[in-house]
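Right, one structure below, let's go through it.
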Amino acid sequence: MLPSQDDHADHMTEEQLVPLLPVQVYARPHVLQQIRGPLSPQIIELRGDQLIIGRNPDVDIRIPSAALSRHHLRLDKYQGGYRAVDLDSSNGFFLNEIRVSSAALRDGDTIQLGNAVFVYHEGK
57 MLPSQDDHAD HMTEEQLVPL LPVQVYARPH VLQQIRGPLS PQIIELRGDQ
107 LIIGRNPDVD IRIPSAALSR HHLRLDKYQG GYRAVDLDSS NGFFLNEIRV
157 SSAALRDGDT IQLGNAVFVY HEGK
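Count the sequence shown with the numbering used here and you get residues 57 to 180, in order.
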């Protein structure tokens, strides 16, 4: 005689009887944490495939400072994170205190644009 489901349930532990529910995993966005300069401190969520930083009102991330060009830096989605590209700005940008024209960003990198300083944090 085959065991019924009721017989099977008698031999199950309490943990096995708990129904499984679907779990939703929420990814945190990548962010720039502004630690110095106009409007600091602030946290800026990076949402989008391409973001422009500068002082012009039409940019995605506006920093009202004469030390920044109107369109200073572009952030591009890149390999699950972001890449920073200078837009021929007057003062360029510094990544971890080294002047660069473009670079892939890593968690904890500091980015300086004129008198504004940011720390890049990867989403998890």
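The C-beta atom is built at its ideal place from N, Cα and C for all residues, glycine as well.
Assign residue i to one of three DSSP states: helix, strand, or coil.
i      : result
Gln89  : strand
Gly137 : strand
Ser121 : coil
Gly110 : strand
His177 : strand
Glu228 : The shown model of the chain, from 57 to 180, leaves out residue 228, and the question about it has no answer.
Ala83  : coil
Asp144 : coil
Asp163 : coil
Asp116 : coil
Leu151 : strand
Give me, in chain order, the residues of the same chain whose beta-carbon lies closer than 6 Å to that of residue i; leave out the 5 immediate sequence neighbours on both sides.
i     : result
Arg92 : Val173
Leu76 : none
Using beta-carbon positions only, say whether residue i and residue j come within less than 9 Å of one another.
i      : j      : result
Ile100 : Val87  : yes
Ser146 : Ser121 : no
Arg139 : Ser158 : yes
Pro97  : Ile119 : no
Asp132 : Gln106 : yes
Tell me which residues share the same chain as residue i and place their Cβ nearer than 8 Å to its Cβ, disregarding the 5 neighbours each side in the sequence.
i      : result
Gly137 : His86, Ala160, Leu161, Arg162, Glu178
Glu153 : Thr166, Gln168
Since residue i and residue j should fall inside the 8 Å C-beta cutoff, what is the C-beta to C-beta distance between them, to a whole number of angstroms?
i      : j      : result
Asp142 : Phe149 : 6 Å
Got a sec? Which residues, its chain only, sit under 7 Å from residue i by beta carbon, not counting five neighbours each side?
i      : result
Leu102 : Pro85, His86, Val87, Leu88, Leu131, Tyr138
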